[in-house]
Amino acid sequence: MNKTKSIVVAGLVAGLGLTACNSGSIRRNPGKTYAPDMVYSRAYDAYTANPNFADSQTSRPPVAGTIAMGHELPDHLVEGDTNAYKTYTTSLRFTDAQLDEGKRLFNIYCGICHGTNLDGQGPLYASGKFAAMPANFKDGKYLHMPVGQMYAAVKYGKNMMGSYASQLDTKQRWMVIAYIKKVQSANGGDAFAFGAAATDSAKVVAMATEPKADTKAEGKK
Ligand code: HEC
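Here it is as structure tokens:
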């Protein structure tokens, strides 16, 4: 028992001694670097100055016009060109799952004002904290609103409503609008066309972002 104790004590003392050697604010010896080629990058690090570019930045923006995979082409709408808004539309068609996603996004981003019932009575407005009446999508004024005009409202905002361009990408904006149009069609609006199988098949862009239920079966072949 005593022997064990003295070993422990000796160990502690030795440890303290070693720590003491390494104390002091100045470490004169930087130590050895194992595999320096790996420790010190020969390539320019992302945030280091780079003499190869006029702006000295190593991180480069994507080439102008680059479109991320799975994203839509730019829409070329010009803010304020309300005539263009009215005729602007999309050839995207949505599955039921995508309409559900549109509903989910609507409830997250729009429901607070427009209400999850789409009646303009969202909690923010109903509480009196937000003075401007949000659009009541079930009202005659909005029932037949062109989808492009809705798209413009989401992209650029409208009076007291801010832009949601940074929260929703192009496809998501259309999903939300398709959801609104679907609800409107059940409340006196135009027949719902977004989800309907289009007759002009050339116009239909398959919206298969998520694997469809039948992909599994195909994979088995
Ligand atoms: C902070 C509250 C608020 C939020 C959140 C909000 N809106 Fe609005 N929205 C408004 C108000 C207020 C108006 C009425 C603007 C006007 O006509 O002056 C409006 C109007 C609209 C209109 C009609 C545009 C027009 O041309 O008259 C559409 C379409 C619309 N919103 C869609 C959406 C969608 C889709 C979302 C979610 C992505 C959303 N809004 C989120 C407050 C909001």
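Number 230 in the working numbering belongs to position 169 of the sequence shown; there are no gaps in the numbering. For every residue, glycine included, the Cβ atom is placed at its ideal position computed from N, Cα and C. These numbers come from a predicted model, not from an experiment.
Rounded separation between residue i and residue j - CA only
i: Leu134; j: Ser152; result: 12 Å
i: Leu73; j: Lys66; result: 11 Å
i: Phe167; j: Asp116; result: 41 Å
i: Lys164; j: Thr150; result: 19 Å
i: Thr109; j: Pro91; result: 23 Å
i: His137; j: Ala158; result: 28 Å
i: Ala248; j: Leu185; result: One detail in the question is off: residue 248 reads as Asn in this sequence, not Ala. Using only the alpha carbons, I get a separation of about 23 Å.
i: Asn197; j: Asn144; result: 22 Å
i: Tyr217; j: Tyr95; result: 55 Å
i: Ala192; j: Cys171; result: 16 Å
i: Gln118; j: Thr177; result: 46 Å
i: Lys8; j: Gly201; result: Because the chain in this structure spans residues 62 to 282, residue 8 falls outside the shown range and cannot be described.
i: Ala213; j: Tyr146; result: 6 Å
i: Asp142; j: Leu204; result: 22 Å
i: Phe255; j: Pro122; result: 35 Å
i: Tyr105; j: Val124; result: 19 Å
i: Pro10; j: Glu162; result: Residue 10 cannot be examined here, being either before or after the span of the chain that is shown, 62 to 282.
i: Ile169; j: Thr148; result: 28 Å
i: Asp160; j: Ser120; result: Here residue 160 is Leu; the residue named in the question, Asp, does not match the sequence. Going by the C-alpha atoms only, they are around 38 Å apart.
i: Val70; j: Arg88; result: 28 Å
i: Tyr101; j: His132; result: 37 Å
i: Gly183; j: Met221; result: 15 Å
i: Met286; j: Leu179; result: The structure shown does not extend to residue 286, since the chain is modelled only from 62 to 282, so the question has no answer here.
i: Arg103; j: Glu140; result: 46 Å
i: Thr231; j: Gly126; result: 15 Å
Bridge-paired residues (DSSP) for residue i
i: Asp110; result: Note that residue 110 is Ala in the sequence shown, not Asp. Gln118.
Residue i CB to nearest heavy atom of the ligand SAM below 6 Å
i: Lys219; result: Among the ligands modelled here, namely the ligand HEC, the ligand SAM does not occur.
| said: In chain order, what are the residue ranges of uninterrupted alpha helix (DSSP H) at least 4 long that sit wholly in the stretch 197-267? | reply: Correct list: 201-204, 208-217 and 231-246.
| Should the stretch 237-255 be regarded as contacting the stretch 181-195, the criterion being three or more beta carbon pairs within less than 8 Å? | Because the criterion of three Cβ pairs below 8 Å is not met, the stretch 237-255 and the stretch 181-195 do not touch.
| request: Jot down the residue ranges of each uninterrupted alpha helix (DSSP H) in the stretch 147-196, minimum 4 residues, whole runs only, in chain order. | output: Secondary structure in the stretch 147-196: the alpha helix (DSSP H) runs of 4 residues or longer, each lying completely within the stretch, are 157-170, 172-175 and 184-187 in chain order.
| field | the stretch 206-225 / the stretch 233-245 touching (three or more Cβ pairs under 8 Å) | value | Output reads yes: the stretch 233-245 touches the stretch 206-225.
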